[in-house]
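Participant: In this text, residue positions in the sequence shown follow my numbering: the first is 420, and each later residue adds one.
Glycine included, each C-beta is placed from N, C-alpha and C at the ideal position.
I have a structure here, written as structure tokens, and I will follow up with some questions on it.
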Amino acid sequence: FFLSHSGHELIGILSAFHLKPKKDYFLPYYRDRALVIALGSDLKDIFAAFLARDSIHHSSGRMMPDHFCDNTLNIPCQSSCVGSQFLQAVGVAKALENDEIVYVSSGDGATSQGDFHEALNFSSIYKLPVLFSIQDNEYAISTTKKEQTAGSIENVFKGYENLKVISVDGSNYLDTSNALIEAVKYLRAKKGPVLMVSKVPRLGAHSISDDPKKYKTEEIIQKELKKDPIPLFEKFLLDEKILSQNEIDTIKKESFEFVENEAEKAEKVDFPKVESVDKKLFKPIEIIEKIDFIKDQEPITIMDALNHALKEEMEDNSNILVFGQDVADKKGGVFGITRGLSDKFSKKRCFNTPLAESTIIGLAIGLSMTGKIPVCEIQFSDYIWTGMNQLVNELASIYYRSNGEYNCPVVIRIPTGGYIQGGPYHSQSIEAFLAHVPGLKIVAPSNAKDAKMLLKASIKDPNPVVFLEHKAIYRQRNFAATLEPTKDSIIPLGKANVVHEGEDVTIVCYSMMVMYAVEIARKLKKEGISVE
């Protein structure tokens, strides 16, 4: 499989030149091969990815070609879902504290995605140093820009405060270089994000499965060929007498020989072993169980247990960040779980987000790739669906598809379940769906002591955890309230607990159903049936 990048080379090469490899972060899309090479990626690894070989970087044969990933170059693992990288780039930028820049790119087609708008919005609110590099070749496979955007991309988005918008001829060396100088200066000064729209030609097909002659006239094809940045740059070098024709020919000859040599090296790289297909789904972790309780204290509710767990973990680890809709004080979450956190730890560590679930999860992914530990909140499980692409296609698979180069220690807290007269949009139970997603751990506590210890274990886990909190037992005291575990108490995820012993029948359940199962067990005991 092959994706064309001819016509897009100049913007990538110059971006690598004006930015700082290994210091800045890069979330490139599949036509950014020139950028990745210019950043210093081993060409052998790029060829090996084409051949699905078990190379060190670029997914080690687990992804299609041009899905770049190299943690030595600050290139997080990219997916096939166009536009999903924007919010992750914003998350990376939110974590940065010095003058680093985050480069994120796409074609013009991906600007139709809602994630693009959400990313521009959030990065503009916080003046984040994100360079949105849009490589506008006027086609999303065969769909023209007129069929996608009501006006020019650069004019549509000029309304965002703090966003600098630059339009440039991406085939012109001087124009592109000067535009990047302007953009980098603005970004390093932390004035806000930059949207840079580069007009480039797509000189080949979208991929080997595409035939552009079906939707491009010969006139359009010939016009695009005249915008090829490589011969235009050669002409510039000759006109300015920077290089002679002989020197250019020598560079070409040496480059072709180098490329051939690297391709031959890639062919000698082994294929991934069959037995590795299910490896690196989760990053290993060992948690040793320790249970003790605070003495001389009344039982606490699940709501209190979760709040205390968050406070204790945030005190111990400054990398933990809490965010979501309404989580900051004075509200402290619609159920009060995060109350007091922003007052105690500041709004840098506990902050509100826009009402956008994709933003929340995409932000968490990016933050986690820099070493932060996001504990984010989706206000109700019923509203998770607009964030499902970031959750299922992105977050859940990053450790696996990066072959362990990146992991995402993200906890997503979600109030869930019915029994509070919430109607169809405040009563959904989503665990059955999520439990079938490879790469996610699902936690659903039934009582206060388990809730506190399991949330602590989830925060310490290097893998993504969805932490489901049944709304109907937040404040319930008959069964769910318990003595409070001490600060150091913890239990590992995935270990069953017997809450009622029996011999005739076993009930396996979780969350609020544990309370009902115990009630049933007690009733059946009177009838001579022993329930575990």
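So, are the CB atoms of asparagine 812 and serine 498 less than 8 Å apart?
Facilitator: Working through the sequence shown from its first residue, we reach residue 812 at position 393. Working through the sequence shown from its first residue, we reach residue 498 at position 79. In contact: asparagine 812 and serine 498 (Cβ atoms closer than 8 Å).
Participant: By DSSP's criteria, proline 952 is part of a beta bridge. Which residues make up the other side?
Facilitator: Since the first and last residues shown for the chain are 420 and 951, residue 952 lies out of range.
Participant: Is it buried or exposed for glutamine 504, if we count other Cβ within 10 angstroms and need 16 for buried?
Facilitator: In the sequence shown, the residue the question calls residue 504 occupies position 85. So glutamine 504 ends up on the buried side.
Participant: Do proline 612 and leucine 582 count as a contact pair if the criterion is CB distance below 8 Å?
Facilitator: Counted from its first residue, the sequence shown places residue 582 at position 163. Counted from its first residue, the sequence shown places residue 612 at position 193. Yes. Within cutoff.
Participant: Check whether the Cβ atoms of serine 761 and aspartate 748 lie closer than 8 Å to each other.
Facilitator: Mapped onto the sequence shown, residue 761 falls at position 342. Mapped onto the sequence shown, residue 748 falls at position 329. Yes.
Participant: Spatial neighbours of leucine 786 within its chain, please: C-beta separation below 7 Å, excluding the five flanking residues on both sides.
Facilitator: Mapped onto the sequence shown, residue 786 falls at position 367. Gly510, Lys513, Ala514, Leu740 and Pro793, listed in sequence order.
Participant: Keeping to the same chain, check which residues put their C-beta closer than 7 Å to that of proline 881; ignore five residues upstream and five downstream.
Facilitator: Position 462 of the sequence shown, counted from the first residue, corresponds to residue 881. Closer than 7 Å at the Cβ level, and outside the excluded window around proline 881, lie Lys702, Ile704, Asn826 and Pro828.
Participant: For the candidate residues Ile892, Gly841, Phe576 and Gly947, whose alpha-carbon lies nearest to that of alanine 863?
Facilitator: The count along the sequence shown starts at 1 and reaches residue 863 at position 444. Checking every option, the nearest Cα to that of alanine 863 belongs to Ile892.
Participant: Over what stretch of residues does the alpha helix (DSSP H) that includes proline 793 continue unbroken?
Facilitator: Stepping through the sequence shown from its first residue, residue 793 is reached at position 374. Careful: proline 793 lies outside any alpha helix (DSSP H), inside the beta strand (DSSP E) at 792-796.
Participant: CB-CB under 6 Å to phenylalanine 541, same chain, minus the five flanking residues each way: which ones, in chain order?
Facilitator: For the purposes of this step, residue 541 is taken as residue 122 along the sequence shown, with counting starting at 1. Hits under 6 Å: Val509 and Thr778.
Participant: Using only alpha-carbon positions, find the residue among Thr757, Phe487 and Leu614 that is nearest to glycine 578.
Facilitator: Working through the sequence shown from its first residue, we reach residue 578 at position 159. Looking at the Cα atoms, Leu614 is the closest of the given residues.
Participant: Among the residues of its own chain, which have a CB less than 6 Å from the CB of isoleucine 948, if the five just before and after it don't count?
Facilitator: Taking the sequence shown and counting its residues from 1, the one referred to as residue 948 is at position 529. Result list for isoleucine 948: Asp923, in chain order.
Participant: With distance defined between alpha-carbon atoms, name the residue in Ser474, Asp473, Tyr448 and Leu462 nearest to glycine 502.
Facilitator: Residue mapping note: residue 502 aligns to position 83 of the sequence shown, counting from 1. Cα-wise, what sits closest to glycine 502 is Tyr448.
Participant: What residue ranges within the segment 571-651 form continuous beta strand (DSSP E) runs of no fewer than 3 residues, ordered along the chain?
Facilitator: The segment 571-651 contains these whole beta strand (DSSP E) runs: 583-588 and 613-618.
Participant: Taking 6 Å as the limit between beta carbons, can you name the residues of its chain near serine 596, skipping five residues before and five after?
Facilitator: In the sequence shown, the residue the question calls residue 596 occupies position 177. Here the set comprises Leu433.
Participant: Looking at C-beta atoms only, is the number of pairs between the segment 860-875 and the segment 808-822 that lie closer than 8 Å three or more?
Facilitator: No: the two stretches stay apart, fewer than three of their Cβ pairs being nearer than 8 Å.
Participant: Using a Cβ-Cβ cut-off of 6 Å (strictly less than) and excluding sequence neighbours within five positions of alanine 538, which residues of its own chain qualify?
Facilitator: The residue you call residue 538 lines up with position 119 of the sequence shown. These residues qualify, in order along the chain: Phe505, Leu506 and Val509.
Participant: Check the C-beta distance from isoleucine 878 over to isoleucine 833 and give it rounded, since I have them as a contact under 8 Å.
Facilitator: Here residue 878 refers to the residue found at position 459 when the sequence shown is read from its first residue. Here residue 833 refers to the residue found at position 414 when the sequence shown is read from its first residue. In fact, because the Cβ distance is near 15 Å, the residues do not count as touching under 8 Å.
Participant: Given that a residue counts as buried once 16 or more other Cβ atoms are within 10 Å of its Cβ, and exposed if not, what is arginine 896?
Facilitator: Here residue 896 is taken as the residue at index 477 of the sequence shown, counted from 1. Exposed is the call here.
Participant: Which of helix, strand or coil does DSSP assign to aspartate 689?
Facilitator: For the purposes of this step, residue 689 is identified with residue 270 of the sequence shown, where counting begins at 1. Three-state DSSP puts aspartate 689 in coil, outside helix and strand.
Participant: What residue does the alpha helix (DSSP H) around isoleucine 707 start on, and which one ends it?
Facilitator: As a working mapping, residue 707 is identified with position 288 in the sequence shown. Here isoleucine 707 belongs to no alpha helix (DSSP H), and DSSP marks it neither H nor E.
Participant: Please identify the residue among Asn556, Asn517, Ile520 and Lys672 whose C-alpha is closest to the C-alpha of aspartate 366.
Facilitator: No information on residue 366 is available, as it lies outside the stretch 420 to 951 that the chain covers here.
Participant: DSSP beta-bridge partners for aspartate 464?
Facilitator: For the purposes of this step, residue 464 is identified with residue 45 of the sequence shown, where counting begins at 1. Its beta-bridge partners do not exist; DSSP assigns none.
Participant: Give me the residue from Gly842, Ser846 and Gly841 with the minimum Cα distance to threonine 835.
Facilitator: In the sequence shown, counting from the first residue as 1, residue 835 sits at position 416. If we check each option's Cα against that of threonine 835, Ser846 comes out closest.
Participant: Within 10 Å of its beta-carbon, does isoleucine 572 have 16 or more other beta-carbons around it, so buried, or fewer, so exposed?
Facilitator: Mapped onto the sequence shown, residue 572 falls at position 153. Classification of isoleucine 572: buried, given that the 10 Å Cβ count is 16 or more.
Participant: Out of Phe652, Gly823 and Leu887, which has the shortest C-alpha to C-alpha gap to lysine 699?
Facilitator: As a first step, residue 699 is located in the sequence shown; it is residue number 280 there, counting from the start. The candidate whose alpha carbon is nearest that of lysine 699 is Gly823.
Participant: Does DSSP put phenylalanine 487 in a helix, in a strand, or in coil?
Facilitator: Locating residue 487 in the sequence shown gives position 68, where the first residue counts as 1. Note: phenylalanine 487 maps to coil in three-state DSSP.
Participant: Taking a contact to mean a Cβ-Cβ separation below 8 Å, would you say proline 495 touches isoleucine 520 in this structure?
Facilitator: Here residue 495 is taken as the residue at index 76 of the sequence shown, counted from 1. Here residue 520 is taken as the residue at index 101 of the sequence shown, counted from 1. No, Cβ-Cβ distance for proline 495 and isoleucine 520 is not below 8 Å.
Participant: Should threonine 757 be labelled buried (16 or more other beta-carbon atoms within 10 Å of its own) or exposed?
Facilitator: Your numbering for residue 757 matches position 338 in the sequence shown. Threonine 757 should be labelled buried.
Participant: State the DSSP-derived secondary structure class of isoleucine 739, mapped to helix, strand or coil.
Facilitator: On the sequence shown, residue 739 is found 320 positions in, with the first residue counted as 1. Residue state, collapsed to three classes: strand.
Participant: Please look up how many angstroms separate the CB atoms of aspartate 443 and asparagine 493, rounded, as I've assumed it's under 8 Å.
Facilitator: What you label residue 443 is simply residue 24 of the sequence shown in a count that begins at 1. What you label residue 493 is simply residue 74 of the sequence shown in a count that begins at 1. Yes, they are in contact, since the Cβ atoms of aspartate 443 and asparagine 493 sit about 7 Å apart, within 8 Å.
Participant: Identify every residue that forms a DSSP beta bridge with asparagine 771.
Facilitator: Translated into positions along the sequence shown, residue 771 becomes position 352. Asparagine 771 is bridged to Gly743.
Participant: Is DSSP giving glycine 459 helix, strand or coil here?
Facilitator: Within the sequence shown, the letter at position 40 stands for residue 459. It is coil, neither helix nor strand.
Participant: In whole angstroms, give me the CA-to-CA distance for methionine 872 and methionine 722.
Facilitator: Indexing the sequence shown from 1 puts residue 872 at position 453. Indexing the sequence shown from 1 puts residue 722 at position 303. C-alpha separation (whole angstroms): 13 Å.
Participant: Based on the DSSP output, what are the partners of tyrosine 522 in its beta bridges?
Facilitator: Along the sequence shown, one-based indexing puts residue 522 at 103. According to DSSP, tyrosine 522 bridges with Phe445 and Leu550.
Participant: Would you kindly report the start and end of the unbroken alpha helix (DSSP H) that includes lysine 513?
Facilitator: Stepping through the sequence shown from its first residue, residue 513 is reached at position 94. Per DSSP, lysine 513 belongs to the alpha helix (DSSP H) from 504-514.
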